[in-house]
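**Student:**
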Amino acid sequence: MKIAAVNIFKYDTAIKGKPYRMSNTVMTHFDTTIVEIITDTGLRGYGETCPVGPVYQPQHALGARAALEQMGPTLIGENPLQPRNIYQAMDNALNGHAYAKAAVDIAVWDICGKAYGARVCDLLGGAVREDVPSYYSIGVCPVEEAVESAREKQAEGYPRIQVKLGGRSLEEDIEVLQKVAGVIKPGVRLAADANRGWTLRDAIFASSACRDIPLILEQPCNTYDENRQLAGRVCHPVYLDENTESLNMVLRAVAQGVADGFGFKVTRLGGITQMQTVRDVCRETGRPMTCDDAWGGDIIAAA
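In the numbering used here, the protein residues as written are 2 to 304.
#1: So what's T372 in DSSP terms, helix, strand or just coil?
#2: Can you give the beta carbon distance from L241 to F263, rounded, assuming they're within the 8 Å contact cut?
#3: Report buried or exposed for F31, applying the criterion of at least 16 other Cβ atoms within 10 angstroms of its Cβ.
#4: Run the CB neighbour count on R120, radius 10 Å, all protein chains shown included, and call it buried at 16 or more, exposed below.
#5: What number of angstroms, rounded off, separates the C-alpha of A302 from the C-alpha of D203?
#6: With distances taken Cα to Cα, identify the nearest neighbour of A210 among T200, D174 and I185.
#7: Is it right to say L63 is buried, meaning 16 or more other beta carbons lie within 10 angstroms of its own, or is it exposed?
#8: Output the distance between the C-alpha atoms of V36 and V105, rounded to the nearest integer angstrom.
#9: Do the region 211-227 and the region 182-197 meet, that is, are 3 or more Cβ pairs less than 8 Å apart?
#10: Are there 16 or more other CB atoms within 10 angstroms of the CB of Y117, so buried, or fewer, so exposed?
#11: Are the region 124-143 and the region 87-98 touching, with three or more C-beta to C-beta distances below 8 Å?
#12: Could you tell me if T42 is buried or exposed, where buried requires 16 or more neighbouring beta carbons within 10 angstroms of its beta carbon?
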């Protein structure tokens, strides 16, 4: 089997309700990129990448499509049933741009599943569980709205509530955390995600103010070094998210004891192939992790 064509499509994904606010951006819609790979046997595979605007990470939708236009022609004739070889071909064609390569990688795995008549999870070694627990992320909003959302989403069955913080006064962030924590039911986990929006001092102060609340701090500060300095100075586990854009960064964080856990994004790491390796590192080192993506449609959700 050979790759015969690589097609690239732009699609605007609407946000239900009002704009979604994070510490460093406000989103009204998402510019997602769909990749279609057609093989010489007629099989088609689909992948997707959807950066959260141009400021959340060093990636953006126009850049993804430009990178895919650069790489696409070089993949013609390659065997899509060999994902690691496809990844090497992409690396040979373009340095970096893992978020763009992820769309191709996801499409290649889609073809593998269809060709072998198997679920991708089974090709990766088998499903640990058939149902996948999800979480609900509450955007930066007034305290009353955050509390009401937390109540509603727990009633819908979400086992984890994530609260976005940053981009406003630290006092407001702390109040939101404390009030939301007050309505969290037993067995439901709480995550405080500042998306790099806190300073080192902010993170230490907020953790101290909420010391009696069981929660995790997700990517509180901007840089890896800032988050490294939190070790032993905060009252809660620290999970890295935006700082873990590669396997090397994950290995570094594990070796230096910077992260108590990780929140990975499939497309940031480069797709399913790269995510598989990172998953194995976390399993062997006893680091809890989540695997999802920042935004996107059903293709990313399935991956």
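The beta-carbon is built from N, C-alpha and C at its ideal position, and this holds for glycine as well.
As the structure is a computational prediction, the values presented were derived from the model and not from experiment.
**Tutor:** Based on what the coordinates show:
#1: Examination of residue 372 is not possible in this model, given that the chain is present from 2 through 304 alone.
#2: For the purposes of this step, residue 241 is identified with residue 240 of the sequence shown, where counting begins at 1. For the purposes of this step, residue 263 is identified with residue 262 of the sequence shown, where counting begins at 1. Right, their Cβ atoms sit about 6 Å apart.
#3: What you label residue 31 is simply residue 30 of the sequence shown in a count that begins at 1. By the C-beta density criterion, F31 is buried, having at least 16 other C-beta atoms within 10 angstroms.
#4: Walking along the sequence shown from the start, residue 120 turns up at place 119. It counts as exposed.
#5: As a position in the sequence shown, residue 302 is number 301, starting the count at 1. As a position in the sequence shown, residue 203 is number 202, starting the count at 1. Spanning the two alpha carbons is a distance of roughly 33 Å.
#6: Here residue 210 is taken as the residue at index 209 of the sequence shown, counted from 1. Among T200, D174 and I185, the Cα nearest to that of A210 is on D174.
#7: Working through the sequence shown from its first residue, we reach residue 63 at position 62. Burial call: exposed.
#8: If you number the sequence shown from 1, residue 36 lands on position 35. If you number the sequence shown from 1, residue 105 lands on position 104. In a straight line, the C-alpha of V36 is about 6 Å away from that of V105.
#9: yes
#10: If you number the sequence shown from 1, residue 117 lands on position 116. It is exposed - the Cβ of Y117 has fewer than 16 other Cβ atoms within 10 Å.
#11: no
#12: Locating residue 42 in the sequence shown gives position 41, counting from the first residue. Exposed.
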